[in-house]
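Residue numbers (my numbering): 17 to 459.
Notes to accompany the following structure.
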Amino acid sequence: MALLRRYEILIFLLVFGVGLLTWQKYDTEAPIFKGDDFRYLSYASLLYEHGTFGLTFGKDKGEPGKANAPLYPALIAGVMYLDKSFADNILCAIENRGGEGCGDFDIFFTLQALLGLLSLLLIYLIAFKYSGNRIIAWIASALVFASGILIEFSGIFMTEILIFPASCALVLFCLLFYQQKKLMWIFSIAVSLGFLTLTRPSYLYLFYGFVIFFGVLAVYLRDKASLIRLAVLVAVFIVSVMPWAIRNKIHFDSFALNTSNYGRIILAQRVSYNDMSWPEVGVSFVYWLPQFGDSLAERVFPEKYYNRLGWDQGTYYTEGYAAVSKEMRENPNGEKEAMRRMILEDVLSFKHVIVSIPLALRGMYHWGLFGVVAFSALLFQTLYRKDYTLLVISLPIFFMVAFHAGLSVSIARYNVPLVILYALSLSWYITLLGQKIVKKARS
Numbered sequence: 017m018a019l020l021r022r023y024e025i026l027i028f029l030l031v032f033g034v035g036l037l038t039w040q041k042y043d044t045e046a047p048i049f050k051g052d053d054f055r056y057l058s059y060a061s062l063l064y065e066h067g068t069f070g071l072t073f074g075k076d077k078g079e080p081g082k083a084n085a086p087l088y089p090a091l092i093a094g095v096m097y098l099d100k101s102f103a104d105n106i107l108c109a110i111e112n113r114g115g116e117g118c119g120d121f122d123i124f125f126t127l128q129a130l131l132g133l134l135s136l137l138l139i140y141l142i143a144f145k146y147s148g149n150r151i152i153a154w155i156a157s158a159l160v161f162a163s164g165i166l167i168e169f170s171g172i173f174m175t176e177i178l179i180f181p182a183s184c185a186l187v188l189f190c191l192l193f194y195q196q197k198k199l200m201w202i203f204s205i206a207v208s209l210g211f212l213t214l215t216r217p218s219y220l221y222l223f224y225g226f227v228i229f230f231g232v233l234a235v236y237l238r239d240k241a242s243l244i245r246l247a248v249l250v251a252v253f254i255v256s257v258m259p260w261a262i263r264n265k266i267h268f269d270s271f272a273l274n275t276s277n278y279g280r281i282i283l284a285q286r287v288s289y290n291d292m293s294w295p296e297v298g299v300s301f302v303y304w305l306p307q308f309g310d311s312l313a314e315r316v317f318p319e320k321y322y323n324r325l326g327w328d329q330g331t332y333y334t335e336g337y338a339a340v341s342k343e344m345r346e347n348p349n350g351e352k353e354a355m356r357r358m359i360l361e362d363v364l365s366f367k368h369v370i371v372s373i374p375l376a377l378r379g380m381y382h383w384g385l386f387g388v389v390a391f392s393a394l395l396f397q398t399l400y401r402k403d404y405t406l407l408v409i410s411l412p413i414f415f416m417v418a419f420h421a422g423l424s425v426s427i428a429r430y431n432v433p434l435v436i437l438y439a440l441s442l443s444w445y446i447t448l449l450g451q452k453i454v455k456k457a458r459s
């Protein structure tokens with residue numbers, strides 16, 4: 017059975033392709049760079065001008081950098097090599113700290129729109145291979161398209177436009193391996209994990225999760241096939257990331273894929289939430305609900321239980337991090353000692369685990385409560401039938417949800433792959449409802 021029929025390919029390109037590629041004609045605002053997007057452009061510009069992966073600002077200006085992964089800045093730099101006008105516009109934006117008056121970035125945003133189209137195709141394949149139903153597959157793709165999330169990611173300089181299709185590919189390969197048990201899908205999983213890690217270093221821990229999973233499976237099954245799968249997974253992943261590891265060894269005398277204090281900063285922001293009182297922990301389940309949570313909490317609870325749960329000055333996000341940063345600066349043993357203390361006293365604590373629960377939920381509300389409820393219902397339904405397919409393809413995504421809740425401030429952008437599961441679940445129930453309506457109308 018063909019995955020996509022010829023007429024479906026044409027419809028796919030016309031509906032989704034044209035939709036994604038024409039959005040920029042209606043977007044007239046120049047980008048304003050406030051954070052990570054400026055860092056990626058900085059890496060790309062230095063790579064383009066001097067062949068060095070580093071930042072154009074800060075104390076290590078012009079020197080080899082190590083705080084971010086290479087793939088996304090390298091993609092920008094590659095387009096700069098191919099299109100001089102785009103390169104000039106990027107250099108102008110770097111100098112002005114914004115895109116106002118620097119021309120357009122349409123060529124790169126068009127490329128990102130094509131990556132969005134690839135994501136929709138992968139969503140279709142996941143839904144079709146999971147359900148065997150083309151209607152469910154079309155609706156899943158349509159839901160992601162209609163949500164506007166790919167349109168948003170296509171028009172900004174952020175890594176999500178690489179993370180999302182790579183995550184779709186990883187989920188598809190996990191699904192195919194579960195259904196077919198072929199070694200080629202282990203190879204594909206390893207390549208996907210390498211790609212994700214070189215886009216965002218935190219995905220290295222997802223690779224460790226896969227190693228533990230297949231390692232336990234090999235010990236439990238005690239067969240040659242399981243050991244071969246584990247060996248292939250590890251070997252292919254190492255080959256995928258080795259060039260970057262060797263580069264870091266040359267410049268920083270370490271094979272570590274990320275050897276900066278960036279992880280310590282993120283962890284410092286996270287552990288500050290452990291100072292929440294128990295009433296604040298309870299209120300956070302309400303306050304962090306999507307759309308209406310903060311206003312509902314303001315109407316129901318005293319101000320002292322929610323006024324430090326937001327993002328402004330005086331919240332746990334800002335004050336707690338500032339306190340830990342001060343400790344890092346003043347501690348005579350330096351940042352490593354502060355990191356060790358945070359892990360031993362904060363991360364390895366009962367309260368850290370409990371606080372991670374509402375933080376995890378905060379990072380899951382991409383489509384309000386609809387996606388969470390639909391996925392939870394479908395997962396329960398399939399497990400009740402002893403069908404573990406949805407559970408298997410969900411595990412990598414929820415591993416990262418837990419990781420982000422435990423070691424970062426956990427915002428929805430970090431967990432964008434959840435959209436894959438939400439689209440699949442919602443399309444399943446929409447199709448089921450449509451079938452019931454049609455059946456009732458015919459009777």
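Glycine is no exception: its CB is placed at the ideal position from the N, C-alpha and C atoms.
Please read all numbers here as calculations on a predicted model, not as lab measurements.
A390 is positioned such that its CB atom lies closer than 8 Å to that of L442.
Judged by their CB atoms, A185 and L440 are not nearer to each other than the 8 Å cut-off. The DSSP-derived three-state label of S365 is coil. Considered as a whole, the stretch 68 to 103 harbours no complete run of any beta strand (DSSP E) with no fewer than 3 residues. CA-to-CA, the gap between G94 and F125 works out to about 14 Å. Of the candidates T331, W294, G387 and R286, G387 places its Cα closest to the Cα of P306.
Contact annotation: V227 and L249 have beta-carbon atoms nearer than 8 Å.
Proximity to F415 across D403, Y404, Y430 and R401 peaks at Y430, based on C-alpha coordinates. Proximity of the stretch 415 to 428 to the stretch 122 to 136 falls short of the contact definition, fewer than three beta-carbon pairs being nearer than 8 Å. In this structure, P80 sits near G70, with a CB-CB distance shorter than 8 Å. Contact between the stretch 237 to 253 and the stretch 207 to 225 is present: 3 or more CB-CB pairs across the two stretches fall below 8 Å.
Residue environment analysis places D362 among the buried positions, since at least 16 neighbouring C-beta atoms fall within 10 angstroms of its C-beta. Along the stretch 203 to 240, the alpha helix (DSSP H) occurs as fully enclosed runs of 4 or more residues at 220 to 237, listed in sequence order.
CA-to-CA, the gap between R401 and A60 works out to about 50 Å. The continuous alpha helix (DSSP H) containing L134 extends over residues D122 to S147.
By the neighbour-count definition (other C-beta atoms within 10 Å, threshold 16), Q128 is a buried residue.
Distance from the CA atom of D310 to the CA atom of P86, rounded to whole angstroms, is 37 Å. In the three-state DSSP reduction, F189 falls in the helix class (H, G or I). In the structure shown, S183 falls within a helical segment according to DSSP collapsed to helix, strand and coil. For T398, the secondary structure class from DSSP, reduced to helix, strand or coil, is helix. Taking 4 residues as the minimum length, the alpha helix (DSSP H) runs contained wholly in the stretch 242 to 314 are 278 to 287 and 294 to 303, in order along the chain.
DSSP, read as helix, strand or coil, puts Y381 in coil. F161 is classed as buried because its beta carbon has at least 16 other beta carbons within 10 Å across all chains shown. A Cβ-Cβ distance of about 16 Å is found for the pair Y289 and V417, leaving them out of contact under the 8 Å criterion. Where S459 is concerned, there is no enclosing alpha helix (DSSP H), because DSSP gives it neither an H nor an E.
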